[in-house]
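**Student:**
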Amino acid sequence: MKKILVIGGAGYVGSNLVPILLSEGYKITVFDLFIYGNHLKNHENLNIIKGDIRDFNLIEKILNKNFDEIIHLACISNDPSFELNPHLGKSINFDSFEPLLKISKTKGIKKFIFASSSSVYGVKDVENVNENMSLKPLTDYSKYKAMCEDLLMKYSDKYFNTCILRPATVCGFSPRQRLDVVVNIFANFAFFKNKITIFGGEQLRPNINIIDMSLCYLKLVEEKPENINGEIFNVGQENHSLNKLAEITRKVISKDIAIEKVNSNDNRSYHISSEKIFKKLKFKTKYDIEDAIFSLKEAFEKKVLINTFDNDDYFNIKKMQSLNLE
Ligand SMILES: NC(=O)c1ccc[n+]([C@@H]2O[C@H](COP(=O)([O-])OP(=O)(O)OC[C@H]3O[C@@H](n4cnc5c(N)ncnc54)[C@H](O)[C@@H]3O)[C@@H](O)[C@H]2O)c1
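This is the structure we're talking about:
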């Protein structure tokens, strides 16, 4: 079975993805700084290494262990956390990337899958934003994602096969929970405060259920390297408006929930097309936003997630503020 290194594999996406990869029989090593702790369960095929992606000696040593593939998720992964300390954000999200690519290529990695973001497009007027359209990142977080994409393309060849994923915003329950992404924020407020506040309302926000997110990475792992080499894929479920997302949340949480609307200058609307990944790889999302909200509702009811407004682990910005990482 293939050996896969998942960098940043203890995060929101990684802690959902890794058990799925393990259940398919892959041998997984997670390399992570555990900023938000380690919520991965022990498994005979799981090896966990704590470390910083900026420690190139350690990366080199780890990659001596003959991995077939890398999934790269490690990141200061939202705009506010990045802006808190732009120097730190750049050093993790961008400066470490080219050295990582060089080492990966030298050590014979056959496939390198990179988690970019659909935010690299910025705001576009057209209906369906596809992978051929120009990138106009609006924040440094997105700008460095786009710059990493360029680097990855430069290093890609027939031995070092690369693939870029541009996911929508992820939602739903995961062992390492984030409650700072739009659908999860709505669910948290609806369940515990019986109220959802919407800034604006008509703006579109593409989302993807976390299980589909993981299944998408699994699909890329299963594909022959040459089949996805040099490719870029958007992936998301529906492009709902904030108003619609709030309505869906109210329906699933099914309580008496007030929806408050606040005027906002931020009328940025995002909408992506996931046609390409469907046409080329036959990948289609199976779970919807309702399922994601339901998974959170269950976790709230069963007290798997507690203290959901005060626990810094659920909010990247608060955690980064409390850590003072350099
Ligand atoms: N969650 C989303 O909505 C979303 C949407 C689009 C793209 N993405 C991308 O997917 C990836 C995963 O996102 P996520 O939501 O799981 O983020 P996350 O913040 O939950 O996870 C990131 C992980 O990277 C680790 N990490 C950070 N800096 C590190 C370092 N210097 N060395 C080693 N490990 C380090 C953290 O400890 C954490 O476990 C990110 O690259 C993100 O940009 C996420």
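Numbering (my numbering), first residue to last: 4 to 329. Where a beta carbon is used, it is the ideal one built from N, C-alpha and C, also for glycine.
Look up lysine 243 in the DSSP assignment and say whether it is helix, strand or coil.
**Tutor:** Along the sequence shown, read from residue 1 onward, the residue named residue 243 stands at position 240. It is histidine, not lysine, that sits at residue 243 in the sequence shown. Looking at histidine 243 - three-state DSSP - the assignment turns out to be strand.
**Student:** Who does arginine 57 pair with in a DSSP beta bridge?
**Tutor:** Along the sequence shown, read from residue 1 onward, the residue named residue 57 stands at position 54. Its beta-bridge partners do not exist; DSSP assigns none.
**Student:** Does any heavy atom of ligand 1 sit closer than 8 Å to the C-beta of threonine 172?
**Tutor:** Here residue 172 corresponds to residue number 169 of the sequence shown, with the count starting at 1. Flag set: Cβ of threonine 172 near ligand 1.
**Student:** Within a Cβ cutoff of 7 Å, which residues of the same chain sit near lysine 198, ignoring the five residues on either side of it in sequence?
**Tutor:** One-based indexing of the sequence shown puts residue 198 at position 195. The answer, listed in chain order, is Phe192, Ile260, Ala261, Glu263.
**Student:** Run the proximity test for arginine 271: is its beta-carbon closer than 8 Å to any non-hydrogen atom belonging to ligand 1?
**Tutor:** Within the sequence shown, residue 271 is the residue found at index 268, counting from 1. Answer for arginine 271: no, Cβ out of range of ligand 1.
**Student:** Which runs of the alpha helix (DSSP H) at least 4 residues long sit entirely within the region 80-138? Give them in chain order.
**Tutor:** 82-87, 89-93, 100-109
**Student:** Quick one: grab the DSSP three-state call for glutamate 278.
**Tutor:** Along the sequence shown, read from residue 1 onward, the residue named residue 278 stands at position 275. Helix, per DSSP.
**Student:** Beta-carbon within less than 6 Å of phenylalanine 117's beta-carbon, same chain only, minus the 5 sequence neighbours each way: which residues are those?
**Tutor:** Along the sequence shown, one-based indexing puts residue 117 at 114. Cβ within range, chain order: His75, Leu155, Ile167.
**Student:** Using the Cβ count rule (16 or more neighbours within 10 Å means buried), how would you classify isoleucine 309?
**Tutor:** The sequence position of residue 309 within the sequence shown is 306, counting from 1. With fewer than 16 Cβ atoms within 10 Å of its Cβ, isoleucine 309 is classed as exposed.
**Student:** Name the one or two DSSP bridge partners that proline 170 has.
**Tutor:** Taking the first residue of the sequence shown as position 1, residue 170 is located at position 167. BP columns for proline 170 point to Val238.
**Student:** Note down the Cα distance separating proline 228 from cysteine 219, rounded to an integer number of angstroms.
**Tutor:** Numbered from its first residue, the sequence shown carries residue 228 at position 225. Numbered from its first residue, the sequence shown carries residue 219 at position 216. Their Cα atoms are separated by approximately 15 Å.
**Student:** Return the CA-CA distance between lysine 283 and asparagine 327, expressed in angstroms with no decimal places.
**Tutor:** On the sequence shown, residue 283 is found 280 positions in, with the first residue counted as 1. On the sequence shown, residue 327 is found 324 positions in, with the first residue counted as 1. Going by the C-alpha atoms only, they are around 43 Å apart.
**Student:** I'd like to know if the region 70-86 and the region 143-150 are in contact, where contact means that at least 3 CB-CB pairs between them fall below 8 Å.
**Tutor:** yes
**Student:** Out of Lys222, Gly54, Tyr273, Gln180, which has the shortest C-alpha to C-alpha gap to lysine 300?
**Tutor:** Indexing the sequence shown from 1 puts residue 300 at position 297. Of the candidates Lys222, Gly54, Tyr273, Gln180, the one whose C-alpha sits nearest the C-alpha of lysine 300 is Gln180.
**Student:** How about phenylalanine 34 and isoleucine 7: are their beta carbons less than 9 Å apart?
**Tutor:** Within the sequence shown, the letter at position 31 stands for residue 34. Within the sequence shown, the letter at position 4 stands for residue 7. Between phenylalanine 34 and isoleucine 7, the C-beta spacing is not below 9 Å.
**Student:** Closest by CA to threonine 311, which one among Asn19, Asp183, Gln206?
**Tutor:** Taking the sequence shown and counting its residues from 1, the one referred to as residue 311 is at position 308. Ranking the options by Cα distance to threonine 311, first place goes to Asp183.
**Student:** Is phenylalanine 236 near ligand 1 - that is, is its Cβ less than 8 Å away from at least one heavy atom of it?
**Tutor:** As a first step, residue 236 is located in the sequence shown; it is residue number 233 there, counting from the start. No, since every heavy atom of ligand 1 falls outside the 8 Å radius drawn around the Cβ of phenylalanine 236.
**Student:** Would you mind reading off the limits of the beta strand (DSSP E) that contains lysine 5?
**Tutor:** Translated into positions along the sequence shown, residue 5 becomes position 2. No beta strand (DSSP E) holds lysine 5; DSSP gives it neither H nor E.
**Student:** In or out: methionine 4 buried (at least 16 other Cβ within 10 Å) or exposed?
**Tutor:** Locating residue 4 in the sequence shown gives position 1, where the first residue counts as 1. Per the 10 Å Cβ criterion, exposed.
**Student:** Would the beta-carbon of asparagine 212 be found less than 8 Å away from any heavy atom of ligand 1?
**Tutor:** For the purposes of this step, residue 212 is taken as residue 209 along the sequence shown, with counting starting at 1. No.
**Student:** In terms of residues, what are the limits of the beta strand (DSSP E) holding phenylalanine 34?
**Tutor:** Here residue 34 is taken as the residue at index 31 of the sequence shown, counted from 1. Per DSSP, phenylalanine 34 belongs to the beta strand (DSSP E) from 30-35.
**Student:** Spatial neighbours of alanine 249 within its chain, please: C-beta separation below 7 Å, excluding the five flanking residues on both sides.
**Tutor:** Taking the first residue of the sequence shown as position 1, residue 249 is located at position 246. Cβ within range, chain order: Phe189, Ile199, Ile201, Ile262.
**Student:** Assuming the contact rule is C-beta atoms closer than 8 Å, lysine 222 and phenylalanine 286 should be a hit. Round their C-beta distance to whole Å, please.
**Tutor:** Residue 222 sits at position 219 when you count from the first residue of the sequence shown. Residue 286 sits at position 283 when you count from the first residue of the sequence shown. Right, the Cβ-Cβ distance comes to about 5 Å (below 8 Å), so this counts as a contact.
**Student:** According to DSSP, is valine 184 part of a helix, a strand, or is it coil?
**Tutor:** If you number the sequence shown from 1, residue 184 lands on position 181. Valine 184: coil per DSSP, three-state reduction.
**Student:** My output table needs one value for glutamate 229: the three-state DSSP class, helix, strand or coil.
**Tutor:** Along the sequence shown, one-based indexing puts residue 229 at 226. Three-state result, glutamate 229: helix.
**Student:** Look up alanine 261 in the DSSP assignment and give the residues it is bridged to.
**Tutor:** Taking the first residue of the sequence shown as position 1, residue 261 is located at position 258. DSSP lists Lys198 as partners of alanine 261.
**Student:** Given 8 Å as the limit, tell me if aspartate 160 has its C-beta closer than that to any heavy atom belonging to ligand 1.
**Tutor:** Here the question's residue 160 lines up with position 157 in the sequence shown. Relative to the non-hydrogen atoms of ligand 1, the Cβ of aspartate 160 never comes closer than 8 Å to any of them.
**Student:** Just how far apart, CA to CA, sit lysine 30 and asparagine 266?
**Tutor:** In the sequence shown, the residue the question calls residue 30 occupies position 27. In the sequence shown, the residue the question calls residue 266 occupies position 263. Approximately 50 Å between the Cα atoms of the pair.
**Student:** Confirm, please, whether the CB-CB distance from serine 120 to glutamine 206 is below 9 Å.
**Tutor:** What you label residue 206 is simply residue 203 of the sequence shown in a count that begins at 1. What you label residue 120 is simply residue 117 of the sequence shown in a count that begins at 1. No, they are not a contact pair.
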